[in-house]
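Have a look at the structure below, then the notes.
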Amino acid sequence: MLKIKEYVRAESLAQAYELNQKKSTCILGGMLWLKMSNRTFQKAVDLSGLGLDQIEETEEAFSIGAMVTLRQLEQHQRFNEFCQGIAAESVKSIVGVQFRNMATVGGSIFGRFGFSDVLTCFLALDTYVELYHGGIIPLEEFAKQPYDRDILVRLIVKKMNAQCVYLTHRNTKTDFPVLTCAVSSLDGKGYAVIGARPGRAVRMELPANWEQEEDCRELAVRIAQQTTYGSNMRASAAYRKHLAEVLLVRSMKKLAQERRGH
Numbered sequence: 001m002l003k004i005k006e007y008v009r010a011e012s013l014a015q016a017y018e019l020n021q022k023k024s025t026c027i028l029g030g031m032l033w034l035k036m037s038n039r040t041f042q043k044a045v046d047l048s049g050l051g052l053d054q055i056e057e058t059e060e061a062f063s064i065g066a067m068v069t070l071r072q073l074e075q076h077q078r079f080n081e082f083c084q085g086i087a088a089e090s091v092k093s094i095v096g097v098q099f100r101n102m103a104t105v106g107g108s109i110f111g112r113f114g115f116s117d118v119l120t121c122f123l124a125l126d127t128y129v130e131l132y133h134g135g136i137i138p139l140e141e142f143a144k145q146p147y148d149r150d151i152l153v154r155l156i157v158k159k160m161n162a163q164c165v166y167l168t169h170r171n172t173k174t175d176f177p178v179l180t181c182a183v184s185s186l187d188g189k190g191y192a193v194i195g196a197r198p199g200r201a202v203r204m205e206l207p208a209n210w211e212q213e214e215d216c217r218e219l220a221v222r223i224a225q226q227t228t229y230g231s232n233m234r235a236s237a238a239y240r241k242h243l244a245e246v247l248l249v250r251s252m253k254k255l256a257q258e259r260r261g262h
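The following block contains the structure:
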């Protein structure tokens, strides 16, 4: 059971950061995974009054506040047009609409969960995180870091010529993914992301001529071998490695077809 002794609705990011420096304090996101823990906190800090629940667009980038819900992300027309629908595709099987109306982008990204569809999706794009203390750093770098007491303010997705494909395999429709896979071309540079290994998602760069390779299966095998896989109640490591190869082939074929027809 989760126990919270004091609730604080933050009036500023500075206040939230200061309070969060104590290990007995937690930051509240959507409260969907946190409430399932068996812990006691002296203070719980709510960021919902700080205006971090908006998706804003400029000529250079999309700014996605930490308190934006997965449902907002799913339904945002302009952002999904930019990323060819992978944002909506990546979250559509996460439990249900009621859950996605509460779960936040910030909670999903800061948690860096191994099962995170959201982390896999944003790693396929040119994404940066803005941290209150740590400043702006690439999401790929942030995803490798250990947990700390900083506060995630927003995601920044740089605009570029992006073509993207997102695929996932689940044992049942709304269960955690067995494996997630995204392949993208960003201004002509190819990337592959594999998540739910069941470790954190990792991003790998594709060779410059990947679209010209006669047999993308060989390339998929090489890319799949660049990371490691583990076993849990949903699948074995060997099965996950096989899935990675299969989903990479499907993603690369689909993306190559879309790029040729673009």
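If you're matching positions, the sequence shown starts at 1 in UniProt numbering and goes up one per residue.
Beta carbons are placed, not taken as given, at the ideal position from N, Cα and C, and that holds for glycine.
Everything numeric in this text was worked out from a predicted model, so none of it was measured.
- The C-alpha of Arg-222 lies about 19 angstroms from the C-alpha of Thr-120.
- The segment 65 to 146 is shown to contain whole beta strand (DSSP E) runs of 3 or more residues at 127 to 131, 135 to 138, in chain order.
- In this structure the segment 152 to 165 lies against the segment 127 to 144, because at least three pairs of beta carbons, one per stretch, are closer than 8 angstroms.
- Check the Cα spacing between Ala-162 and each of Ala-196, Asp-148, Asp-187, Val-91: the tightest is with Asp-187.
- When DSSP reads this structure, Lys-23 sits in no beta bridge, so it has no partner.
- Within 10 angstroms of the beta-carbon of Thr-172 lie fewer than 16 other beta-carbons, which makes it exposed.
- When the alpha-carbon of Arg-39 is set against those of Leu-243, Met-1, Val-8, the nearest one is in Met-1.
- Excluding five sequence positions before and after Glu-89, the CB atoms of its chain that fall closer than 6 angstroms to its own CB belong to Tyr-166, given in chain order.
- Comparing C-alpha distances from Leu-50 to each of Gly-29, Ala-256, Ser-12, Gln-75 shows the shortest one belongs to Ser-12.
- DSSP places Leu-219 inside the alpha helix (DSSP H), whose first and last residues are 216 to 224.
- Separation of Phe-176 and Ala-16 (C-alpha to C-alpha, rounded to the nearest whole angstrom) is 31 angstroms.
- One thing to note: Leu-179 has its Cβ no nearer than 8 angstroms to the Cβ of Arg-250.
- Asp-126 counts as buried, since no fewer than 16 other beta carbons sit within 10 angstroms of its beta carbon.
- Cβ neighbours of Leu-19 within its own chain (closer than 7 angstroms, five residues either side excluded): Val-8, Thr-25, Lys-43, Val-45.
- For Thr-227, there is no enclosing beta strand (DSSP E), as DSSP marks it with neither H nor E.
- Taken through DSSP and simplified to helix, strand or coil, Met-204 comes out as strand.
- Taking a cut-off of 8 angstroms on C-beta distances, the segment 65 to 76 does not touch the segment 138 to 146, as fewer than three cross pairs fall below it.
- Contact between Glu-59 and Arg-78 fails: their C-beta atoms lie close to 13 angstroms from each other, not under 8 angstroms.
- When only Cα atoms are considered, Phe-122 and Leu-247 end up about 18 angstroms apart.
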